[in-house]
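Colleague: Sharing a structure below in structure tokens format, with a few things to ask.
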Amino acid sequence: MEEGEVFAIETFGTTGKGYVREVGECSHFALNPDPSGSVRKRVRLHEARQLAERIDKRFSTLPWCRRYLERGPKGESRYQLYLRNLVQAGVVEEYPPLCDIKGSYVAQYEHTIILKPTSKEIVSAGDDRGMDW
Numbered sequence: 035m036e037e038g039e040v041f042a043i044e045t046f047g048t049t050g051k052g053y054v055r056e057v058g059e060c061s062h063f064a065l066n067p068d069p070s071g072s073v074r075k076r077v078r079l080h081e082a083r084q085l086a087e088r089i090d091k092r093f094s095t096l097p098w099c100r101r102y103l104e105r106g107p108k109g110e111s112r113y114q115l116y117l118r119n120l121v122q123a124g125v126v127e128e129y130p131p132l133c134d135i136k137g138s139y140v141a142q143y144e145h146t147i148i149l150k151p152t153s154k155e156i157v158s159a160g161d162d163r164g165m166d167w
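Numbered by this note's numbering, the letters in the sequence shown go through residues 35 to 167 in order.
Written out as structure tokens, the structure is:
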């Protein structure tokens, strides 16, 4: 770890055994950063490239879920084939649900920190932002 580096620290709490795994149908996605646009150029389906452009304009690299596409200004309804194409091409990253044992609850917490010369700065927002690390 070096000064100026940025880290995301993710912790998980569970009422189960304490082992989370990805299970079930994916519901959340994020556009992979592609400053040169080279990855998107490899997508063959024109409609998939158009969907990637709309996702980029609306969300950039922030995470989103399917219903955000469906509720959007264009009201995407026939996007699933094109979304699958973008995932397979590496343009979009999937984030499936995290589960422990049946009947348990799982929660994720995250902070983003920047290392300073003699300290760290927590730059993530939230009610727990002021907690003393």
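Idealized CB from N, CA, C, for every residue including glycine.
When you measure from the CB of R101 to every non-hydrogen atom of the ligand FAD, does any distance come out below 6 Å?
Modeller: As presented, the structure is devoid of all ligands, the ligand FAD included, so that no description of it is given.
Colleague: Does DSSP put L28 in a helix, a strand or coil?
Modeller: Nothing about residue 28 can be read from this structure; the chain reaches only from 35 to 167.
Colleague: What is the C-beta distance between V54 and L132, in whole angstroms, given that I count them as a contact (C-beta under 8 Å)?
Modeller: Position 20 of the sequence shown holds residue 54. Position 98 of the sequence shown holds residue 132. With a Cβ gap of about 4 Å, V54 and L132 count as contacting.
Colleague: Given that a residue counts as buried once 16 or more other Cβ atoms are within 10 Å of its Cβ, and exposed if not, what is A123?
Modeller: By 1-based counting over the sequence shown, the position of residue 123 is 89. Buried.
Colleague: Over what stretch of residues does the beta strand (DSSP E) that includes I135 continue unbroken?
Modeller: Position 101 of the sequence shown, counted from the first residue, corresponds to residue 135. Where I135 is concerned, there is no enclosing beta strand (DSSP E), given that its DSSP letter is neither H nor E.
Colleague: Under the rule that 16 or more other beta-carbon atoms within 10 Å means buried, what is V157, buried or exposed?
Modeller: In the sequence shown, counting from the first residue as 1, residue 157 sits at position 123. Its Cβ having fewer than 16 others within 10 Å, V157 is exposed.
Colleague: Taking G71 as the reference, which of R83, E44, G52 and E56 has the closest Cα?
Modeller: By one-based count along the sequence shown, residue 71 stands at place 37. If we check each option's Cα against that of G71, R83 comes out closest.
Colleague: Which residues does DSSP list as the beta-bridge partners of Q142?
Modeller: Within the sequence shown, the letter at position 108 stands for residue 142. DSSP output for Q142 lists F46 as bridge partner(s).
Colleague: For my contact list, V125 and L65 are in at a C-beta cut-off of 8 Å; report their separation, rounded to the angstrom.
Modeller: Translated into positions along the sequence shown, residue 125 becomes position 91. Translated into positions along the sequence shown, residue 65 becomes position 31. That belief holds up - the Cβ atoms of V125 and L65 are roughly 7 Å apart, short of 8 Å.
Colleague: Can you check the stretch 94 to 129 for any beta strand (DSSP E) of at least 3 residues that lies completely inside it and give the ranges in chain order?
Modeller: Counting only runs that start and end inside the stretch 94 to 129, the beta strand (DSSP E) elements of at least 3 residues fall at 126 to 129.
Colleague: Flag this pair as yes or no: are the beta carbons of K136 and I147 separated by less than 7 Å?
Modeller: Residue numbering aside, residue 136 sits at position 102 when the sequence shown is read from its first letter. Residue numbering aside, residue 147 sits at position 113 when the sequence shown is read from its first letter. In this structure, I147 does not lie closer than 7 Å to K136 by Cβ.
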